[in-house]
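Chains as they are written, first to last, in the numbering used here: chain R, 1 to 81; chain V, 1001 to 1475.
Idealized CB from N, CA, C, for every residue including glycine.
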Amino acid sequence: MEIPQKLIDYINTSRAPLPPVSDPEEPLQIDSLGLIRLVSFMESDCGIRVEDEELVAENFATLHSLGQLIEKKTQGANTLS
Amino acid sequence: MKTDVLIIGGGPAGSSAAMFLAKEGIKPIILEQEAFPRFHIGESMTGEAGALLRRLGLEEKMLERSYPVKHGVRVYGTSSWFIPVARRDENWELHPATTWQVRRSDFDALMLDEAQARGATLIRGRAKTALRSEDGGVRGVTMVRPDGSEEDIEAQLVIDCSGMATFLANQKATGPKYLGSYDKQIAFFTHVKGALRDTGTSGETAKDNTLIFYQKKYHWAWGIPIDDEVMSLGIVVPTAEFQKHNMGRDEFFRFYLPQINPELVRRTENIEYLGKVHVIPNYSFQVRSFCGKGYICLGDAHRFIDPIFSFGISAAMREAEFAIPHIVSYLRGERRDEANPFEALQRFCEQGSDNLEDMVDLFWEQPFAFATFVHQRYRSELIDAFAGRVYETEHQPSNAIMQFRKLLKRERDYSHQDDYSIPIGSRYHAERAPLWAPDSPVEGTEEWLKRSAESDGNKASDRDEASTAELVNAE
């Protein structure tokens, strides 16, 4: 599963005033409070449950790492939806 | 001299033990070598510490002294968050509550005076050696008075409240003393005026909350208001960081303070130092078998994990309260034949400390997960832990603590009394989790201080002596 567009939109909004992410390897630069909100958004709006042990900053560092996390989760059918 | 209960050390552990014993009609002797008031670090209380003082009937006295009221802990770091002080009612529902920040010289004197007013006898003197019984237990101490004269005090029970001086552990009356996880850290602290506080009257922005600042792992600072003007300010860094800069401690404190966190910089731009900078290096340790025939160690006398979440006074006073029923039945003659008459108490206290240790470890190992737990997933469980509710009788270990262990890949098993709570060992030298004994190749606090004094030169030597005195003053 790819990263849902609404999640990418959410990330771009929470990064403002930084420009939208253009490179999957580009650091997302979301502060820790923003990351907590991001996780909350993933769970409530995207149906992607983030397990406690997945709450490491590296998983949310870039679109690439986030995509890998989501990929791993969908392979394990580990979503709420 | 003979007594039922001898308490070594008149800090909060000793004086609260004496007050709880007095409620049972037991009037102990407290042996204290320092003339109070005296300086001591550890100024912040958890919610449960405040509740305990109320149970001792001391609320009015606390209010009379106008100690700063703490509504919670505010953390500024890579993750920023606030944890309010809250209490549990009889249905285990959370309600807002407050506790206090105290100037320890004043608070400890208040407690010791109150313990005497309730029937404890205070003797000025230093515990020199432990008197041992044939079965390896403890039956009293030899004390030295300020004039140098010695006398034996025989007791059915010796309660070691000597703090970091760990009198009974040093006497080898207990099991071995191990290095703790944070033994390679060093703490510097002093009192200042002019530090910026928040201006609210309650909650997150209350003016007298505990402030914690960090950015880099293991590099942090605290700000704890101790009256309307004065704040206790401390920084904690790896000892290697201090040694690398080759500075005296006052110089290092001023140099390093602005490097911890921008919010700390903002709050300390115009501070005035009120005294010297104190230091405690290598503070983390753990004593095994800290209860046994004729003895109990309470608070810092058996374990010091890390000062970051202000659990010191809380653990000391709560362990004193927990110990009372065990002491009462022991004095009645129960369980005298058992290898460790206080095994249940020991396990109970150790489990509580382990829960705290797991919490501190996860804070540093996985700050993002910790912050998410605080904000969302385990908020009420963490409110409990920060309030000092970490014991078995308080729904612990909670789901949060169990999850901490999972993330730390750590298992805790309490089924065998000989092997629970084995120290995890130094964070910086994992191979060194060895015994911290007088003949150990590992440098202990006292040796470190002595060497530091020599290399600092004469200018710093008076400060080192003062710091050594702080470490051993409860002995």
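N- and C-terminal bounds of the beta strand (DSSP E) containing residue i
i                  : result
GLY1142 of chain V : Reading off the sequence, residue 1142 of chain V comes out as Thr, not Gly. From DSSP, the beta strand (DSSP E) with THR1142 of chain V extends over 1138-1144.
CYS1297 of chain V : 1295-1297
ILE1029 of chain V : 1029-1032
PRO27 of chain R   : Unbroken run through PRO27 of chain R: none, as it is neither H nor E.
LEU1094 of chain V : 1094-1096
For residue i, three-class secondary structure by DSSP
i                  : result
ARG115 of chain R  : Residue 115 of chain R falls outside the range modelled here, since chain R spans only 1 to 81, and no answer is possible.
ASP1439 of chain V : Only weak support exists for where ASP1439 of chain V lies, its pLDDT of 49 falling under 50; the value from the coordinates is given anyway. The answer is coil: DSSP assigns ASP1439 of chain V none of H, G, I, E or B.
ASN1473 of chain V : Unreliable positioning characterises ASN1473 of chain V in this predicted model, as indicated by a pLDDT of 34, which lies under 50. A coordinate reading is not provided.
GLY1444 of chain V : At GLY1444 of chain V the pLDDT is 46, less than 50, meaning the model places this residue with poor confidence; the figure from the coordinates comes in the next sentence. GLY1444 of chain V falls in the coil class under three-state DSSP.
ASP9 of chain R    : helix
LYS1172 of chain V : coil
GLU1150 of chain V : strand
LYS1128 of chain V : strand
THR1099 of chain V : strand
VAL1069 of chain V : strand
ARG1412 of chain V : coil
ASP1358 of chain V : helix
PHE1309 of chain V : coil
SER1044 of chain V : strand
ASP1160 of chain V : strand
ALA1206 of chain V : strand
HIS1429 of chain V : Confidence is the limiting factor: at HIS1429 of chain V the pLDDT is only 45, short of 50, which leaves the residue's position unreliable, though a coordinate-based value still follows. Reduced to three states, the DSSP call for HIS1429 of chain V is coil.
PRO1012 of chain V : helix
THR1468 of chain V : The pLDDT assigned to THR1468 of chain V is 37, lower than 50, so where the model puts this residue is not dependable; a value taken from the coordinates is nonetheless given after this. Reduced to three states, the DSSP call for THR1468 of chain V is helix.
Contact belief for residue i with residue j at Cβ below 8 Å, rounded distance in angstroms
i                  : j                  : result
VAL1144 of chain V : ARG1126 of chain V : 5 Å
GLY1140 of chain V : ILE1153 of chain V : 5 Å
ILE1327 of chain V : LEU1052 of chain V : Going by Cβ atoms, the distance from ILE1327 of chain V to LEU1052 of chain V rounds to 17 Å, so no, they are not a contact pair.
VAL1277 of chain V : ARG1249 of chain V : 5 Å
VAL1138 of chain V : LEU1168 of chain V : 7 Å
Beta-carbon proximity check, residue i vs residue j, cutoff 8 Å
i                  : j                  : result
ALA1316 of chain V : LEU1345 of chain V : no
PHE1368 of chain V : SER32 of chain R   : yes
HIS1040 of chain V : ASP1108 of chain V : yes
ILE1224 of chain V : GLU1043 of chain V : yes
GLY1177 of chain V : THR1239 of chain V : Note on residue identity: the sequence assigns Lys, not Gly, to residue 1177 of chain V. Going by C-beta atoms, LYS1177 of chain V is not nearer than 8 Å to THR1239 of chain V.
TYR10 of chain R   : PHE41 of chain R   : yes
GLU2 of chain R    : HIS64 of chain R   : no
VAL1287 of chain V : THR1166 of chain V : yes
GLN1351 of chain V : TYR1295 of chain V : no
GLY1072 of chain V : GLU1204 of chain V : yes
VAL1360 of chain V : ILE1159 of chain V : no
ILE1007 of chain V : VAL1374 of chain V : no
ILE36 of chain R   : ALA1385 of chain V : no
PHE1085 of chain V : GLY1047 of chain V : Residue identity differs from the one stated: residue 1085 of chain V is Val in this sequence, not Phe. Going by C-beta atoms, VAL1085 of chain V is nearer than 8 Å to GLY1047 of chain V.
PHE1304 of chain V : SER1289 of chain V : no
TYR1420 of chain V : ASN1399 of chain V : no
SER1329 of chain V : ARG1335 of chain V : yes
VAL1192 of chain V : LEU1233 of chain V : yes
LYS1128 of chain V : GLU1151 of chain V : no
VAL1068 of chain V : GLN1101 of chain V : The question names Val, yet the displayed sequence has Pro at residue 1068 of chain V. Contact flag set, yes.
Opposing strand residues paired with residue i [DSSP bridges]
i                  : result
PHE1020 of chain V : Per DSSP, none; premise fails for PHE1020 of chain V.
HIS1245 of chain V : BP columns for HIS1245 of chain V are empty, so no partner.
GLY1292 of chain V : V:TYR1295
THR1003 of chain V : V:ALA1155
TRP1220 of chain V : V:TYR1214, V:VAL1236
LEU1122 of chain V : V:ILE1030
PHE1188 of chain V : V:ILE1235, V:VAL1279
PHE1082 of chain V : V:ARG1074
LYS1193 of chain V : V:VAL1230, V:GLU1272
ASP31 of chain R   : Its beta-bridge partners do not exist; DSSP assigns none.
ARG1087 of chain V : V:HIS1095
ARG1303 of chain V : V:GLN1286
Segment limits, alpha helix (DSSP H) that includes residue i
i                  : result
THR1372 of chain V : 1367-1372
PRO1325 of chain V : 1312-1331
ALA1400 of chain V : 1399-1408
SER1380 of chain V : 1379-1386
ASP1108 of chain V : 1104-1117
GLU1059 of chain V : 1059-1064
VAL56 of chain R   : Careful: VAL56 of chain R lies outside any alpha helix (DSSP H) and carries neither H nor E.
ARG1267 of chain V : 1262-1267
GLY67 of chain R   : 63-75
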